[in-house]
Amino acid sequence: MKKTVVVFSGGQDSTTCLIQALTQYDQVYCITFDYGQRHRAEICIARRLTITLGAYDHQIIDTSALNVLAASSLTRENIIVPLAEKNHMNSSLSTFVPGRNIVFLTLAAIYAYQVKAEVIITGVCETDFSGYPDCREKFIQALNKAVNLGMAYNIHFISPLMWLNKAETWALADYYQKLDLVCNETLTCYNGIQGKGCGFCTSCSLRARGLETYKQQPKLTMSSLKAKTGLP
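Residue numbers (the working numbering): 179 to 410.
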């Protein structure tokens with residue numbers, strides 16, 4: 179039986195990963211982290227989406243120590259969420275939560291060990307890189323190696339969106355006939371607004387720009403997606 183653990187926030191990327199995983203694995207486990215994030219609505223949205231989409235199990239793990247240790251506009255009310263800039267890497271510095279993916283993937287690996295899953299799926303992406311060092315492929319590979327050494331267990335970290343741009347990620351949701359669900363029922367906005375979001379933060383800007391590109395060039399984007407992923 180093929181099992182996987184999806185690191186699941188209820189946002190566009192992780193929801194798209196979950197949608198795909200449900201077509202590829204017999205049992206899909208989701209793990210969501212409560213790290214004291216300002217946009218706490220994402221936890222409720224994640225819970226609802228796992229039920230709607232039919233995940234086998236869903237665990238919500240308290241990692242609130244990140245809120246104490248990691249100063250970020252996503253964890254502290256007194257740090258302003260920046261508006262999107264043309265150079266979105268500059269506007270994303272305050273939204274970086276140091277160590278977040280290190281903690282999330284390590285705990286996901288422990289969970290995978292318990293449920294005997296050999297694959298962990300994360301929606302991190304380097305193509306639309308926002309200045310986050312823990313979204314790079316070389317980080318994912320390095321942590322994967324360290325976790326396997328430390329647990330003496332063969333786990334594969336998979337990042338299906340790593341080399342997709344946002345338009346191709348929208349195309350992937352559409353490929354599985356879930357475009358409307360991802361558009362309307364996920365929460366990607368740094369200000370915690372479901373669906374289209376606030377429209378002003380970096381996350382909303384990347385999301386909206388990608389969707390517009392896909393709508394303008396659906397056939398070209400889908401073709402590019404299939405070339406990158408090998409989808410039929």
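Quick reminder that beta carbons are idealized off the backbone N, C-alpha and C, glycines included.
Spatial distance of residue i from residue j (CA atoms)
| i | j | result |
| --- | --- | --- |
| residue 229 | residue 280 | 27 Å |
| residue 265 | residue 345 | Any reading at residue 265 must be qualified, since the residue scores a pLDDT of 41, below 50, and its modelled position is unreliable; the value itself is stated next. Roughly 18 Å separates the two Cα atoms. |
| residue 208 | residue 185 | 6 Å |
| residue 204 | residue 183 | 11 Å |
| residue 315 | residue 198 | 20 Å |
| residue 321 | residue 331 | 13 Å |
| residue 365 | residue 179 | 31 Å |
| residue 196 | residue 305 | 20 Å |
| residue 378 | residue 337 | 27 Å |
| residue 234 | residue 291 | 16 Å |
| residue 240 | residue 219 | 15 Å |
| residue 375 | residue 358 | 15 Å |
| residue 404 | residue 224 | 27 Å |
| residue 299 | residue 282 | 11 Å |
| residue 393 | residue 339 | 19 Å |
| residue 368 | residue 383 | 11 Å |
| residue 335 | residue 297 | 6 Å |
Residues that DSSP places opposite residue i in a beta bridge
| i | result |
| --- | --- |
| residue 181 | 205 |
| residue 297 | 182, 334 |
| residue 239 | 211 |
Residue i classed as buried or exposed, judged by whether at least 16 other C-beta atoms fall within 10 angstroms
| i | result |
| --- | --- |
| residue 201 | exposed |
| residue 222 | exposed |
| residue 356 | buried |
| residue 278 | buried |
| residue 362 | exposed |
| residue 187 | buried |
| residue 232 | exposed |
| residue 438 | What the structure shows of the chain is the stretch from 179 to 410, and residue 438 is not part of that stretch, so it cannot be assessed. |
| residue 319 | exposed |
| residue 388 | buried |
| residue 409 | exposed |
| residue 217 | buried |
| residue 398 | exposed |
The alpha helix (DSSP H) enclosing residue i, as first and last residue numbers
| i | result |
| --- | --- |
| residue 292 | 278–293 |
| residue 361 | 357–363 |
| residue 402 | 396–407 |
| residue 233 | Run containing residue 233: none; DSSP gives neither H nor E here. |
(request) Run through the segment 304–352 for me and flag every whole alpha helix (DSSP H) of 4 or more residues, listed as ranges in chain order. (result) 315–329
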